[in-house]
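Engineer: Take a look at this one; I'll ask things after.
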Amino acid sequence: MTRRVYVPTAHHVVSPIAVETCDWHSALARWAIGLILTAFSLVFSGSLVAQTQEINDRYDKLAHELRCLVCQNQSLAESDADLAKDLKKEVRSLITQGKNDEEIKTYLKTRYGDFILYKPPMQANTWVLWLGPFAALGVGAIVGIIFLRKRTSAPPNSPASPRPMSAQDQAELEERLK
Amino acid sequence: MKLKFALPLIGFVALCGVLYVGLSLNPREIPSALIGKPAPAFSLPVLGNPSQALTTEKWRGKVWVLNVWASWCVSCKDEHPLFVELSKAGSIAHFVGLNYKDNPAAAQKWLTELGNPYTVSIIDADGRVGIDYGVYGVPETFVMDRKGLVRYKHVGPVTRKAWNEKIAPLIASLEKEA
Chain L
528 MTRRVYVPTA HHVVSPIAVE TCDWHSALAR WAIGLILTAF SLVFSGSLVA
578 QTQEINDRYD KLAHELRCLV CQNQSLAESD ADLAKDLKKE VRSLITQGKN
628 DEEIKTYLKT RYGDFILYKP PMQANTWVLW LGPFAALGVG AIVGIIFLRK
678 RTSAPPNSPA SPRPMSAQDQ AELEERLK
Chain P
13 MKLKFALPLI GFVALCGVLY VGLSLNPREI PSALIGKPAP AFSLPVLGNP
63 SQALTTEKWR GKVWVLNVWA SWCVSCKDEH PLFVELSKAG SIAHFVGLNY
113 KDNPAAAQKW LTELGNPYTV SIIDADGRVG IDYGVYGVPE TFVMDRKGLV
163 RYKHVGPVTR KAWNEKIAPL IASLEKEA
């Protein structure tokens, strides 16, 4: 024990610990209390670590789902812009305040609009955006099918299905093949 | 048969039309989510007199303009002469400067050197009020009506054209509203 080092403060005079250190069983008791406290703090810090981990995971996920308004092709997580840093700080503080992901997104949406969401929501003004590619694909497929159908069922005098041989030609062909 | 040849041409012209409109849009201009909604309340220290706090309440029943500026902002220097001119002419009755993430001393120096067009400037040191207003770049300018609703947001420096064609007519019509 190194508690006996003389520290010239007014405090040491009234400190009960300084008096008790001479006692061997109280030293043992203090050692036991210390052990228990250490165990407690380990358990507590374990749960604290788990909690911090959960906050970090949520923060990471949100920062990737939110768009930086300054560098518009980057998420908040990727961006180093000052505003992105501020918004990330804001997101983290909202998480620690106990807001859920949806509440945090709404919080930012009321300030910055849908633009803040990297994945645009499905609503009337984004239907073209969401369904346009599928519509284009559908139109392409229909045009392709019509085109192919026309080719396979082409009229008899098209090169795809040659005119049937006349009886004379047929006879000549058979003659030559003999 | 004629339609078959005309179709690609029609498609091409339609595509040109879509691209012409699409490419002339400015993706940097994000529409404000606050239009028609109440101006976010704040209580911020006054620049030059930080012991005094100013709240949104002060402009209840008035048409007021909020301009986000900073001494570090280059584009703010661009629009500043116009504001000085307008305030001298008495064209902006209630003109609030939101000094965004700035050094108060530098901000005051900036105003003494370039002129102070603001009725009052308030200090948003950490940019929190900026986030509430959906500020994503400086300068930005907001127009609020008598009911305290945000009616217009201008992103980037206010040009004489923007002032004459949009902001000034809007303020005039808002002044007439009950």
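As you go down the protein sequences, you meet chains L and P in turn.
Start counting the first sequence at 528; every next residue gets the next number (my numbering).
Start counting the second sequence at 13; every next residue gets the next number (my numbering).
Note that beta-carbon positions come from the ideal geometry of N, C-alpha and C, so glycine has one too.
Because the structure is a prediction, the values reported are computed rather than measured.
(1) In angstroms with no decimal places, state the Cα-to-Cα distance between E41(P) and L31(P).
(2) Return helix, strand or coil for A537(L), following the three-state DSSP convention.
(3) Determine which residues of the stretch 588-613 of chain L have a Cβ less than 7 Å from any Cβ of chain P, and write them out in chain order.
(4) Output the distance between the C-alpha atoms of G671(L) and W654(L), rounded to the nearest integer angstrom.
(5) By DSSP, does T548(L) sit in helix, in strand, or in coil?
(6) Just reading off the beta strand (DSSP E) that E187(P) is part of, what are its end residues?
(7) Please go through the same chain and pick out, in chain order, the residues whose beta-carbon is closer than 6 Å to the beta-carbon of V147(P), but skip the five residues on each side of it.
(8) Consult DSSP for C654(L) and reduce its assignment to one of helix, strand or coil.
(9) Which residues in the same chain have their Cβ closer than 8 Å to the Cβ of D144(P), if we skip the five residues on either side of it in sequence?
(10) Under the rule that 16 or more other beta-carbon atoms within 10 Å means buried, what is K113(P), buried or exposed?
(11) Our contact map puts P57(P) next to I135(P) with C-beta atoms below 8 Å; I'd like the distance itself, whole angstroms only.
(12) Given that a residue counts as buried once 16 or more other Cβ atoms are within 10 Å of its Cβ, and exposed if not, what is M692(L)?
(13) Should F107(P) go down as buried or exposed, given a rule of 16 or more other Cβ atoms within 10 Å for buried?
(14) Under a Cβ-count criterion, where at least 16 other Cβ atoms within 10 Å of its own Cβ denotes burial, should W76(P) be classed as buried or exposed?
(15) My parser needs the beta strand (DSSP E) runs of 3 or more residues fully inside the stretch 589-655 of chain L; what are they?
(16) Checking the sheet assignment: what are the DSSP bridge partners for S553(L)?
(17) For K100(P), tell me which candidate among A118(P), N128(P), R163(P) has the shortest Cα-Cα distance.
(18) Ends of the beta strand (DSSP E) at Y164(P)?
(19) Since I22(P) is in the alpha helix (DSSP H), which residue starts that stretch and which ends it?
(20) Could you tell me the alpha carbon to alpha carbon distance between M649(L) and F674(L), rounded to whole angstroms?
(21) Check whether the stretch 619-630 of chain L touches the stretch 582-596 of chain L, counting contact only when three or more Cβ pairs, one atom from each stretch, lie closer than 8 Å.
(22) How about Y164(P) and V155(P): are their beta carbons less than 8 Å apart?
(23) What does a CB cutoff of less than 6 Å around A611(L) pick up in its chain, not counting 5 residues either side in sequence?
(24) Tell me the DSSP bridge mates of A65(P)?
(25) For L66(P) versus V162(P), is the C-beta spacing smaller than 8 Å?
(26) Since H166(P) contacts E187(P) with CB under 8 Å, what's their CB separation in whole angstroms?
(27) For W81(P), report the span of its beta strand (DSSP E) as first-last.
(28) Please state whether the Cβ-Cβ distance between P50(P) and G160(P) is less than 8 Å.
(29) Label V141(P) either buried or exposed according to how many other C-beta atoms from any shown protein chain fall within 10 Å of its C-beta, with 16 as the threshold for buried.
(30) Taking the beta carbon of C28(P) as the centre, do at least 16 other beta carbons fall within 10 Å, making it buried, or is it exposed?
(31) Excluding the 5 residues preceding and the 5 following W122(P) in the sequence, name in chain order all residues of the same chain whose CB lies nearer than 7 Å to its CB.
(32) Residues of chain A with CB closer than 8 Å to the CB of Y639(L), please, in chain order.
(33) T131(P): which of P20(P), N115(P), L98(P) sits nearest, CA to CA?
Structural biologist: Working from what's here:
(1) The residue you call residue 41(P) lines up with position 29 of the second sequence. The residue you call residue 31(P) lines up with position 19 of the second sequence. Computed Cα separation, rounded: 18 Å.
(2) Position 10 of the first sequence holds residue 537(L). Since pLDDT at A537(L) reaches only 42, below the 50 mark, its modelled position is unreliable, and the value read off the structure follows with that caveat. Of the three classes helix, strand and coil, the one that applies to A537(L) here is coil, per DSSP.
(3) Cβ contacts with chain P: L596, V597, Q599, L610, D613.
(4) Within the first sequence, residue 671(L) is the residue found at index 144, counting from 1. Within the first sequence, residue 654(L) is the residue found at index 127, counting from 1. C-alpha separation (whole angstroms): 25 Å.
(5) Numbered from its first residue, the first sequence carries residue 548(L) at position 21. Because the pLDDT of T548(L) is 45, which lies under 50, any placement of that residue in the model is unreliable, and the question is left without a value.
(6) As a working note, residue 187(P) is residue 175 in the second sequence. E187(P) -> not in any beta strand (DSSP E); alpha helix (DSSP H) instead, spanning 180-188.
(7) On the second sequence, position 135 is the one that residue 147(P) refers to. Only V80 meet the Cβ criterion.
(8) As a first step, residue 654(L) must be located in the first sequence, where it is residue number 127. According to the sequence displayed, residue 654(L) carries Trp and not Cys. Three-state result, W654(L): helix.
(9) The count along the second sequence starts at 1 and reaches residue 144(P) at position 132. Its chain contains P52, F54 as the residues whose beta carbon lies nearer than 8 Å to that of D144(P), once the 5 sequence neighbours on both sides are disregarded; these appear in chain order.
(10) Here residue 113(P) corresponds to residue number 101 of the second sequence, with the count starting at 1. Per the 10 Å Cβ criterion, buried.
(11) In the second sequence, residue 57(P) corresponds to position 45, counting from 1. In the second sequence, residue 135(P) corresponds to position 123, counting from 1. Going by Cβ atoms, the distance from P57(P) to I135(P) rounds to 5 Å, so yes, they are a contact pair.
(12) Start at 1 with the first residue of the first sequence, and residue 692(L) comes out as number 165. Exposed: under 16 other Cβ atoms inside 10 Å.
(13) Within the second sequence, numbered from 1, the residue matching residue 107(P) stands at position 95. F107(P) comes out buried.
(14) Taking the second sequence and counting its residues from 1, the one referred to as residue 76(P) is at position 64. The residue is buried, with at least 16 neighbouring Cβ atoms inside 10 Å.
(15) Residue ranges of uninterrupted beta strand (DSSP E) with 3 or more members are absent from the stretch 589-655 of chain L; none lies entirely inside it.
(16) Here residue 553(L) refers to the residue found at position 26 of the first sequence. Note: S553(L) sits in no beta bridge, so no partner.
(17) Taking the second sequence and counting its residues from 1, the one referred to as residue 100(P) is at position 88. If we check each option's Cα against that of K100(P), N128(P) comes out closest.
(18) The residue labelled residue 164(P) in the question sits at position 152 within the second sequence. Under the DSSP assignment, Y164(P) falls in the beta strand (DSSP E) whose first and last residues are 162-167.
(19) Working through the second sequence from its first residue, we reach residue 22(P) at position 10. Unbroken alpha helix (DSSP H) run through I22(P): 14-36.
(20) Numbered from 1 along the first sequence, position 122 holds the residue referred to as residue 649(L). Numbered from 1 along the first sequence, position 147 holds the residue referred to as residue 674(L). Going by the C-alpha atoms only, they are around 34 Å apart.
(21) Enough Cβ pairs lie closer than 8 Å, so yes.
(22) The count along the second sequence starts at 1 and reaches residue 164(P) at position 152. The count along the second sequence starts at 1 and reaches residue 155(P) at position 143. For the 8 Å CB-CB criterion, Y164(P) and V155(P) form a contact.
(23) Here residue 611(L) corresponds to residue number 84 of the first sequence, with the count starting at 1. So the qualifying residues of the chain are C595, L603.
(24) In the second sequence, residue 65(P) corresponds to position 53, counting from 1. Its beta-bridge partners are P57(P).
(25) In the second sequence, the residue the question calls residue 66(P) occupies position 54. In the second sequence, the residue the question calls residue 162(P) occupies position 150. No.
(26) For the purposes of this step, residue 166(P) is taken as residue 154 along the second sequence, with counting starting at 1. For the purposes of this step, residue 187(P) is taken as residue 175 along the second sequence, with counting starting at 1. 18 Å between Cβ atoms; not a contact.
(27) Translated into the one-based positions of the second sequence, residue 81(P) becomes position 69. Membership of W81(P) in the beta strand (DSSP E) is indicated by the continuous run 76-81.
(28) Taking the second sequence and counting its residues from 1, the one referred to as residue 50(P) is at position 38. Taking the second sequence and counting its residues from 1, the one referred to as residue 160(P) is at position 148. Taking 8 Å as the Cβ cut-off, P50(P) and G160(P) qualify as a contacting pair.
(29) Here residue 141(P) refers to the residue found at position 129 when the second sequence is read from its first residue. In the assembly as shown, V141(P) is a buried residue. Its beta-carbon has 16 or more other beta-carbons within 10 Å.
(30) Position 16 of the second sequence, counted from the first residue, corresponds to residue 28(P). With fewer than 16 Cβ atoms within 10 Å of its Cβ, C28(P) is classed as exposed.
(31) Locating residue 122(P) in the second sequence gives position 110, counting from the first residue. In chain order, S83 place their CB closer than 7 Å to the CB of W122(P), counting only its own chain and leaving out the 5 sequence neighbours on each side.
(32) Of the protein chains in the structure, L and P, none is chain A.
(33) Looking up residue 131(P) in the second sequence gives position 119. The shortest Cα separation from T131(P) among P20(P), N115(P), L98(P) belongs to L98(P).
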